[in-house]
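Heads up: the structure comes next, in C-alpha cells.
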Amino acid sequence: MLQNSDQPQPQPQDNGHGAAIATESSAPNDDATSTRASLVELVTSLRAQLNNVESRIEAYDQAIDNSANMVSKSINFSEPLRSNGQSTNAPNRHRQPTQESHDSNVASPSFYGPTSPNYSMNLVQITLFERGYITSSPRRPMLPSFDGDNAAPSSTSRWQPKRHCDRHQLLQFRSWLTLKEAKSAVSAYQEVVGELHPFVDSERIKSQLEWWYSYDEGESSNKKNKQLDDDDLIILVLMLATAAQAQRDTLHAKMAPIMHSSFQHAVDAAVTSCTTSIKQVVIVLLLGCYYFSHDLPRPALRACGTAGRMLMELGFHNSDVLNGVLKSEVQRQQVSILTCSVMILDRQWSAMTGLPANFPSATFSPMSAYLGDAPYIKAMYRLILISDRFNEPISRSAKGNGYEDDDEIELLVFQIQQWQKKSVGDRDLGDMKIWLAQPSTVPPSWLLLLMFRAASIQSLLLRSYFFPTSDVEKSKQHLVPAMKLASNVTEALSGLDSATTIYRNQRPYYQHILASICALMFLVAGYVEQHRSTFLPYLPARYDGQIRHCFQLASKLAQKYADVSKTADILWARIRELCQAMENNGLRYGDGLRDPPSPTTTTDGPVAFSLVETREEVLTNAGETYGGAELNSFGATLDLEFAIDGDNSFLQDIQTWGLSGWPSNSHSYLFQ
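Residue numbers (UniProt numbering): 1 to 672.
Here you go:
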C-alpha cells in the first residue's frame, strides 16, 4: 500500500474515475452554497412579506384610530360630531340651516347592529381590504358598525328638514334676567337636577353666560366664539326653564312669558333631525326633566325614551363602542353618566305613570367604574338591577291573585335593605329630627333621597297585602309595619320641608314619594274598614289617631304646594275626598255602635262637622283602649276641613266608597 502511494497518480484526462472523484469532493461545498442562497432568498421573501403585513397592520390600526376619533368626537361636548363645513352657529337672528347646501349630501357616521345588512357588508369590505383584495377607499368602513367618513347618505337625508335655530328667540331670557340672576338660576338647576343627574357640566355652562350676554346678533361670523354653538344655547335655556319652575317665587314670574316658546322650535328640530352629537341627547333628556318639573311624567317618559334611542343611534349601547371608540376617561365618564341617567329616569317615570319602561336593564352597559363622581346615579343603577323583580308579584296582587310565595317578597325586602345599607350606611329616616335640630349634620340631598326611595319601595311591596282581595291572615302580619313606615315617612317629609329647602327644590321627586305613602295609607284604611271586626284585636293602640296624624301631615304638605303643582293639588283632593267618604260611611255603619249623642249636640247643622266633634270627644274619652265608637270609622277622627258641596267630583257618589262597594279593581289606588 505504501509503495503504491509513492507511484505517480493518474491524470484526470487519462481516465474518467479521477474526474468523478474530484466532482464528488467539491459537491458538499456547492450544496452548502446553494442551500445558503436559498435560505437567504427565503428570508428576504419572508422579510418582504412581513414588511407588507406590518404596513397593512399599521394602515388598519390607523384606520381604526381614525374611526375611533371620528366617532368619539360625538361624545365631546366641545366638539360635536359633524362633517366638515357643518355647523349650527347662526350669526344673526334669521334662521339658518345647520348644514349648508353644499354639505347636504354628507352623512354622519351611523351605527349598525349585527342584524343590519350594512353591518355584514361593512365586515366583508374590511376583510377584503385586510387581505389586500381591495385598496383603500374614501367610503371604506373603519368598523363594521360604522360607515366611512363620506358614506353615501340615506334616502331620508334628502327630505329630512334641516335644523334651524333662531338665536334671537333663544336669547330672549336676557331681557328678563340679569347676568347675576341667570348664574343663580344655573346654580338652582344644579341643586334641582344636577346634583342627582350630572349629565350637564353646570360650571361650563355658567362660564358661557358672560359671552352670551355680550353676544351681538349683528356681529360677523368670524368674531364668534368657536367653542359655543346653538346646542349649548338650547341646553342653557332648558336649564333656566327647569330652574324657574323649581324656584317659582323668584324666577318663574320673570321667565313665564318666554319659557316654552323660546326653545320649542329648536328642541323639536333637535329631536326630529339625524343624531350627530351627544348634545342632542342631552337636549332631549333635559326636555324630559323640564316636563317632569311641570308634573308631566308621561311626556317626560316619552322624551326619555327618545333620548335612549338617540344614544343607540350613536352606538353607546354597544360594548365595542364603549371599550374601543371612547379613548379618554372624560369621554367614558360622560357617556356612562348620561346612559345611567336615561336608565334611572326611564324607570322612575315609568313607575310614576304605571306604563312599561322603554328599556330593559340589559339594553345599556354603562361602565360603573366611571360613576364614582355621581354617587346617586351609582346607587340607583344598582337598584335597577333588582327592581325588575318587583313587577310580577305586584301585578299578580293587583289582579287579586295575591302573593303566591311570601319567601319571594321577603327576599325582595332583604335585597332592598341590603341596597339601602350599602348606599346610605346606618342612616335612617328615624334620625331626621336629630339632623334637623343640628343643620350641619343634615346629609346631602342625594343621600336623603336614597333613603326615601328605599321607604317608597317598601311601601310598594306592602301595598299588595291590603288590596281588597288580599288574604286577611297575611294582612294582619303587615299592618303594624305598614303603619310604622307611613308614620316615619310622613313625619320625615314634613320636617324636611319645614326646616330646609330640599323638599321644595326637588319637589317632583318627593311628591311621588308622598303619593306612594298616601297610596299605602289609603289601602290600609280601606282594608281595615272592610274587615274591622276581624282586625279589631290586632289594631295597634290609637290606630285611628295614628292614621289621622299621617293624613294630616300629608294633607298639609300637599296643600302647601297645591297652587304650584297639579299633582299636589290632585293628591290633596284625593285625601279630602277619601276622608269625606269614610266619614259618611262611618255615619251609616257606626250609628248602632256609638253612644247616644250628647244633648248639647245638634244634628241640624252640617253632618260632617258635627260628627268630627262627636268622634273627637269619644276619642278623648277612650284614651288608649281598643273598644269604643272611635274604632268604627277612622274618617271621623281625621280633623280635616271637608268641602261639603264637593267641588272635586272624584267621590261624589258615596256608594263608590262605601264598604259594600269597596272596589275589586285596585288600579285606582296605585300611585305608580
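C-beta atoms are modelled at their ideal positions from N, C-alpha and C, and glycine is treated no differently.
Discussion item. If I measure Cβ to Cβ from PRO481 and keep anything under 8 Å in the same chain, skipping five residues before and after, which residues do I get?
Written reply: In the sequence shown, residue 481 corresponds to position 481, counting from 1. LEU462, listed in sequence order.
Worksheet entry | Expected contact under 8 Å - CB spacing of TYR370 and GLN333 to nearest Å | The residue labelled residue 370 in the question sits at position 370 within the sequence shown. The residue labelled residue 333 in the question sits at position 333 within the sequence shown. With a Cβ gap of about 4 Å, TYR370 and GLN333 count as contacting.
Practice prompt. Determine the direct distance from the alpha carbon of GLN580 to that of ALA562, and round the result to whole angstroms.
Written response: Numbered from 1 along the sequence shown, position 562 holds the residue referred to as residue 562. Numbered from 1 along the sequence shown, position 580 holds the residue referred to as residue 580. Roughly 19 Å between the two C-alpha positions.
Worksheet item: Helix or strand or just coil, what does DSSP make of CYS289?
Response: For the purposes of this step, residue 289 is identified with residue 289 of the sequence shown, where counting begins at 1. Reduced to three states, the DSSP call for CYS289 is helix.
Fill in: Pairwise C-alpha distance: PHE359 and VAL186
Against the sequence shown, residue 186 aligns to sequence position 186. Against the sequence shown, residue 359 aligns to sequence position 359. Rounded to the nearest angstrom, the two C-alpha atoms are 30 Å apart.
Worksheet item: Is the beta carbon of TRP446 less than 8 Å from the beta carbon of TYR376?
Response: As a working note, residue 446 is residue 446 in the sequence shown. As a working note, residue 376 is residue 376 in the sequence shown. Yes, the Cβ-Cβ distance between TRP446 and TYR376 is below 8 Å.
Fill in: Close beta carbons around GLN190, own chain, < 7 Å, minus the five adjacent residues each side
In the sequence shown, the residue the question calls residue 190 occupies position 190. Only SER202 meet the Cβ criterion.
Worksheet entry | Where PHE452 falls: helix, strand or coil (DSSP) | Against the sequence shown, residue 452 aligns to sequence position 452. If DSSP states are grouped into helix, strand and coil, PHE452 belongs with the helices.
Worksheet item: Cβ atoms of LYS433 and residue 744: under 8 Å apart, would you say?
Response: No answer is possible for residue 744: it lies beyond the span of the chain, which begins at 1 and ends at 672.
Worksheet item: What distance in whole Å lies between the Cβ atoms of LEU553 and LYS491, which are believed to be in contact at a cut-off of 8 Å?
Response: The residue labelled residue 491 in the question sits at position 491 within the sequence shown. The residue labelled residue 553 in the question sits at position 553 within the sequence shown. According to the sequence displayed, residue 491 carries Glu and not Lys. So it is a contact: roughly 7 Å between Cβ atoms.
Worksheet item: Whose CA, out of SER365, THR35, ILE547, ARG298, lies closest to the CA of CYS518?
Response: Translated into the one-based positions of the sequence shown, residue 518 becomes position 518. Looking at the Cα atoms, ILE547 is the closest of the given residues.
Discussion item. Quick check on PHE414: buried or exposed, where buried means 16 or more other Cβ atoms within 10 Å of its Cβ?
Written reply: In the sequence shown, residue 414 corresponds to position 414, counting from 1. Exposed is the call here.
Item to complete: Take the Cβ of ARG347 as the centre, count every other Cβ of all protein chains shown within 10 Å, and call the residue buried at 16 or more, exposed below.
Response: Here the question's residue 347 lines up with position 347 in the sequence shown. Label assigned to ARG347: buried.
Item to complete: Leaving aside the five residues before and after ALA379 along the sequence, list all residues of the same chain whose C-beta is less than 7 Å from its C-beta, in chain order.
Response: Taking the sequence shown and counting its residues from 1, one reaches residue 379 at position 379. Answer for ALA379: SER423, LEU450, listed in chain order.
Worksheet entry | Test item: CB-CB of ALA188 and GLN280 under 8 Å | For the purposes of this step, residue 188 is identified with residue 188 of the sequence shown, where counting begins at 1. For the purposes of this step, residue 280 is identified with residue 280 of the sequence shown, where counting begins at 1. No, the pair does not count as a contact, with Cβ atoms beyond the cut-off.
Worksheet entry | Boundaries of the alpha helix (DSSP H) in which GLY308 is found, first to last residue | Counting from 1 along the sequence shown, the entry for residue 308 is found at position 308. Per DSSP, GLY308 belongs to the alpha helix (DSSP H) from 297-313.
Item to complete: Report the residue from TRP176, SER319, CYS274, THR306 whose alpha carbon sits nearest the alpha carbon of SER262.
Response: As a position in the sequence shown, residue 262 is number 262, starting the count at 1. For the residues TRP176, SER319, CYS274, THR306, the minimum Cα distance to SER262 belongs to TRP176.
Practice prompt. Indicate the three-state DSSP secondary structure (helix, strand or coil) for GLU41 in the structure shown.
Written response: Looking up residue 41 in the sequence shown gives position 41. Looking at GLU41 - three-state DSSP - the assignment turns out to be helix.
Discussion item. Quick check on residue 675: does DSSP put it in helix, strand or coil?
Written reply: In the structure as shown, the chain begins at 1 and stops at 672. Residue 675 is therefore absent and cannot be evaluated.
Fill in: LEU301 versus MET312 - alpha carbon distance
In the sequence shown, counting from the first residue as 1, residue 301 sits at position 301. In the sequence shown, counting from the first residue as 1, residue 312 sits at position 312. Between LEU301 and MET312, the C-alpha separation is close to 17 Å.
Worksheet item: Run through DSSP, which three-state label would TYR561 get?
Response: Along the sequence shown, one-based indexing puts residue 561 at 561. Coil, per DSSP.
Worksheet item: For THR272, does the count of other Cβ atoms within 10 angstroms reach 16, so buried, or fall short, so exposed?
Response: The residue you call residue 272 lines up with position 272 of the sequence shown. So THR272 counts as exposed.
Worksheet item: What span of residues does the alpha helix (DSSP H) with HIS317 cover, start to end?
Response: Looking up residue 317 in the sequence shown gives position 317. HIS317 -> no alpha helix (DSSP H), and no H or E assigned at all.
Worksheet item: Applying the criterion that 16 or more other CB atoms from any shown protein chain within 10 Å of the CB defines a buried residue, is ALA48 buried or exposed?
Response: Position 48 of the sequence shown, counted from the first residue, corresponds to residue 48. So ALA48 counts as exposed.
Worksheet item: Quick one: what's got a C-beta closer than 6 Å to ASN505's C-beta in the same chain, skipping five residues either side?
Response: For the purposes of this step, residue 505 is taken as the residue at position 505 of the sequence shown. These residues qualify, in order along the chain: GLU191, VAL192, ALA246.
Discussion item. Buried or exposed for ASP426, going by 16 or more other Cβ atoms inside 10 Å?
Written reply: Numbered from 1 along the sequence shown, position 426 holds the residue referred to as residue 426. Label assigned to ASP426: exposed.
Worksheet item: What do you reckon, are the CB atoms on VAL200 and ILE235 nearer than 8 Å?
Response: Indexing the sequence shown from 1 puts residue 200 at position 200. Indexing the sequence shown from 1 puts residue 235 at position 235. Yes, Cβ-Cβ distance for VAL200 and ILE235 is below 8 Å.
Practice prompt. Could you tell me the distance, in whole angstroms, from the CA atom of MET352 to the CA atom of SER184?
Written response: Locating residue 352 in the sequence shown gives position 352, where the first residue counts as 1. Locating residue 184 in the sequence shown gives position 184, where the first residue counts as 1. Those two C-alpha atoms are separated by around 30 Å.
Item to complete: Compute the Euclidean distance between the alpha carbons of residue 676 and MET310, then round it to the nearest angstrom.
Response: A question about residue 676 goes unanswered here, because the residues of the chain that appear run from 1 up to 672.
Worksheet item: Is ARG347 helix, strand or coil by DSSP?
Response: Indexing the sequence shown from 1 puts residue 347 at position 347. Looking at ARG347 - three-state DSSP - the assignment turns out to be helix.
Worksheet item: Do you know whose CA, among LEU338, LYS206, THR275, SER487, lies nearest GLY545's CA?
Response: Stepping through the sequence shown from its first residue, residue 545 is reached at position 545. Cα-wise, what sits closest to GLY545 is SER487.
Discussion item. Only counting the same chain, and skipping five residues up and downstream in sequence, which positions put a Cβ closer than 6 Å to that of TYR503?
Written reply: Start at 1 with the first residue of the sequence shown, and residue 503 comes out as number 503. Same-chain partners within the cutoff: LEU496, ASP497, TYR510.
Worksheet entry | LEU578 and LEU514 closer than 8 Å at C-beta | As a position in the sequence shown, residue 578 is number 578, starting the count at 1. As a position in the sequence shown, residue 514 is number 514, starting the count at 1. No.
Worksheet item: Helix, strand or coil for GLY354 per DSSP?
Response: As a working note, residue 354 is residue 354 in the sequence shown. Reduced to three states, the DSSP call for GLY354 is coil.
Worksheet item: By Cβ distance below 6 Å, which residues in the same chain neighbour CYS323 in space, the five residues on each side in sequence not counted?
Response: Taking the sequence shown and counting its residues from 1, one reaches residue 323 at position 323. One detail in the question is off: residue 323 reads as Asn in this sequence, not Cys. Counting only Cβ-Cβ distances below 6 Å, and skipping sequence neighbours, we find nothing.
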